[in-house]
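S.K.: One structure, pasted below without further comment.
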Amino acid sequence: MFKNEYQGGAFVEIFSAQGKNPGAKWKILGSPSVIWKEFDKEVKSFVFVLEGSSQTNKIQLPKENKQILGLIQRFLVLQIYIPLGQDFSTELLHTEVFSSLCLLVVGLQPNGKAGINSTHEWTTAFLGE
Numbered sequence: 008m009f010k011n012e013y014q015g016g017a018f019v020e021i022f023s024a025q026g027k028n029p030g031a032k033w034k035i036l037g038s039p040s041v042i043w044k045e046f047d048k049e050v051k052s053f054v055f056v057l058e059g060s061s062q063t064n065k066i067q068l069p070k071e072n073k074q075i076l077g078l079i080q081r082f083l084v085l086q087i088y089i090p091l092g093q094d095f096s097t098e099l100l101h102t103e104v105f106s107s108l109c110l111l112v113v114g115l116q117p118n119g120k121a122g123i124n125s126t127h128e129w130t131t132a133f134l135g136e
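Residues 8 to 136 in the numbering used here are what the sequence shown lists, from first letter to last.
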């Protein structure tokens with residue numbers, strides 16, 4: 008997807024709610040009534056809102072499972088707002104240049120427990136007090 012794009016700058020934006028049809032390259036799973044784009048006054052930008060369960064309402068990038076993003080950046084930064092008491096999860100499948108595979112799963116439960124699980128280690132963190 009980004010394999011042939013210029014990536015020599017400070018960053019490459021791969022996921023944004025800006026533009027006329029920002030979700031055209033993504034696979035959106037869930038009812039259109041619980042996934043939408045809106046303008047957030049606090050952020051001063053358009054954001055995606057996913058309501059309901061993170062098990063049924065998802066956004067996947069790239070759209071097709073057989074596609075790859077082809078990113079060569081050193082860092083991946085995610086800016087995500089999770090309302091208090093809501094569950095959240097994300098999965099990142101990372102393949103290195105030499106084709107070694109690493110799966111990173113990050114989850115947040117309504118009880119305030121956060122978990123980070125990868126193919127190399129398991130870490131649990133407690134948020135709050």
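Positions of the beta carbon are idealized from the N, C-alpha and C atoms, including for glycine.
The structure presented is a predicted model; accordingly, all values stated were derived computationally and were not measured.
Rank Phe18, Gln86 and Ile35 by C-alpha distance to the C-alpha of leucine 68 and give the top, closest one.
M.R.: Comparing Cα-Cα distances from leucine 68 to each of Phe18, Gln86 and Ile35, the minimum goes to Ile35.
S.K.: Evaluate histidine 127 with the Cβ neighbour count: other Cβ atoms within 10 Å of its Cβ, from every protein chain shown; 16 or more gives buried, anything less gives exposed.
M.R.: Confidence at histidine 127 is low in this model, with a pLDDT of 41, below 50, so its placement is unreliable and no value can be given for it.
S.K.: Out of Ser52, Ile89 and Val41, state which residue places its alpha-carbon closest to the alpha-carbon of serine 23.
M.R.: With distances taken between Cα atoms, serine 23 lies closest to Ser52.
S.K.: Going by the CB atoms, is the gap between isoleucine 89 and asparagine 64 shorter than 7 Å?
M.R.: No, Cβ-Cβ distance for asparagine 64 and isoleucine 89 is not below 7 Å.
S.K.: Leucine 57 to glycine 16, Cα distance in whole Å?
M.R.: When rounded, the distance between both Cα atoms is 31 Å.
S.K.: For the putative contact between phenylalanine 95 and serine 60, defined by C-beta atoms under 8 Å, what is the C-beta separation to the nearest angstrom?
M.R.: Contact flag wrong, Cβ pair sits at about 10 Å.
S.K.: Taking glycine 30 as the reference, give the member of Val19, Lys70 and Ile79 with the closest Cα.
M.R.: The shortest Cα separation from glycine 30 among Val19, Lys70 and Ile79 belongs to Lys70.
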